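See structure below.
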Amino acid sequence: MLNKYSKSDKEVSAFKWVCKICDKSLPTLKEMNKSLSSLKLSNDARFDAIETQVKNVESSIGEKVSNEVGLLKDQIMAEISGEIEQKFDSRFKEMNDRKSREMNLILFNVPVSKDTDPLKRKDSDISFISMLFNTITTGETDSTAEKFAAKNVYRLRSQDSSKIPPIKVLCDSKSQVKKLLSNAYKIKSLHDESLKNIIVSRDQTKEQREVNKTLREELLKKNEGGEQQYTIRNGQIVEKPKKGKGNATASGLTPSE
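Going by my numbering, the sequence shown opens with residue 226, and the numbers climb by one from there.
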């Protein structure tokens with residue numbers, strides 16, 4: 226090792242002692258250190274810039290996602306509200322429609338008068354239905370029971386031109402409708418064969434008719450291939466009552482002429 230400087234011990238301590246080989250490489254190492262330091266600073270600055278950009282992107286994406294989620298939420302809520310309102314309106318209309326039909330009955334297969342005058346045909350229908358209902362509810366010999374008088378009747382259009390148009394009957398009260406329906410089974414006991422096909426039903430909405438159609442299809446399957454043990458009552462398929470109960474007979478009616 227060579228001492229390149231001639232100084233006091235105190236001064237000498239401030240200097241480095243290097244060999245010739247190291248002395249030659251010292252400038253190069255200094256430059257490398259300087260370059261590395263500069264590179265580190267440059268990279269640190271770049272990393273800081275990238276981190277800032279990433280945070281900005283994350284913030285921007287977060288805002289966009291938040292906005293999109295908010296819009297989607299509003300859209301879903303609007304659709305749900307619309308569906309609820311539509312269903313409510315539909316149910317409200319259905320309930321009103323049912324209420325307007327509460328005191329009506331529909332009769333199928335009632336013979337049509339041969340009279341050419343529409344008013345006379347209607348009078349004939351009113352007279353015939355009044356006699357039919359009085360027969361099944363009071364009996365021929367019961368003169369004290371309240372007599373039924375059809376308030377008004379309307380022949381409806383039949384979808385099948387080959388079938389007899391059904392009749393809508395306007396009753397006075399819901400209790401009267403219930404009474405007529407509960408005695409409708411007696412029609413099949415009438416002596417006149419042409420009247421046994423008459424069916425008495427409530428005046429139903431489209432929704433109710435579709436439900437009953439499904440019930441009838443299920444009923445056919447349950448009664449398939451055997452004795453007709455089941456029937457529809459109060460919107461459900463139930464077993465028929467045992468024979469010998471409530472089989473009153475009625476007679477003395479003729480079709481409308």
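Backbone N, C-alpha and C define an ideal beta-carbon position, used for all residues, glycine too.
Since the structure is predicted, the reported quantities are computational estimates derived from the model, not experimental observations.
Closest residue to residue i among the options (Cα-Cα distance)
i, options, result
"E452", "L296, S407, T341, K467", "K467"
"K388", "P336, R427, I361", "P336"
"S414", "T360, M302, Y379", "T360"
"S175", "Q454, R458, I392, E310", "The chain is shown from 226 up to 482; residue 175 falls before or after that span and cannot be answered."
"G460", "Q454, R434, E449", "R434"
"N377", "S386, T362, F353", "F353"
"M320", "P390, E443, K431", "K431"
"C396", "S426, R382, D385", "S426"
"L405", "D417, N422, M356, S284", "M356"
"T363", "K298, K345, Q401, S267", "Q401"
For residue j and residue i, believed in contact at Cβ under 8 angstroms, the rounded distance
i, j, result
"N329", "D428", "3 angstroms"
"V394", "A375", "6 angstroms"
Residue j beta carbon less than 8 angstroms from that of residue i
i, j, result
"E327", "K399", "yes"
"I424", "F358", "no"
"D350", "R380", "yes"
"I412", "L440", "no"
"P390", "I331", "no"
"K446", "T456", "no"
Which runs of the alpha helix (DSSP H) at least 4 residues long sit entirely within the stretch 395 to 427? Give them in chain order. 399 to 407
As an exercise, report each continuous alpha helix (DSSP H) stretch of at least 4 residues that is fully enclosed by the stretch 341 to 365, in chain order. As far as the stretch 341 to 365 is concerned, its whole alpha helix (DSSP H) runs of at least 4 residues are 343 to 363.
Residue ranges of each alpha helix (DSSP H) within the stretch 425 to 452, 4 or longer: 431 to 447
Please go through the stretch 290 to 320 and give each complete alpha helix (DSSP H) segment of 4 or more residues, from N-terminal end onward. none
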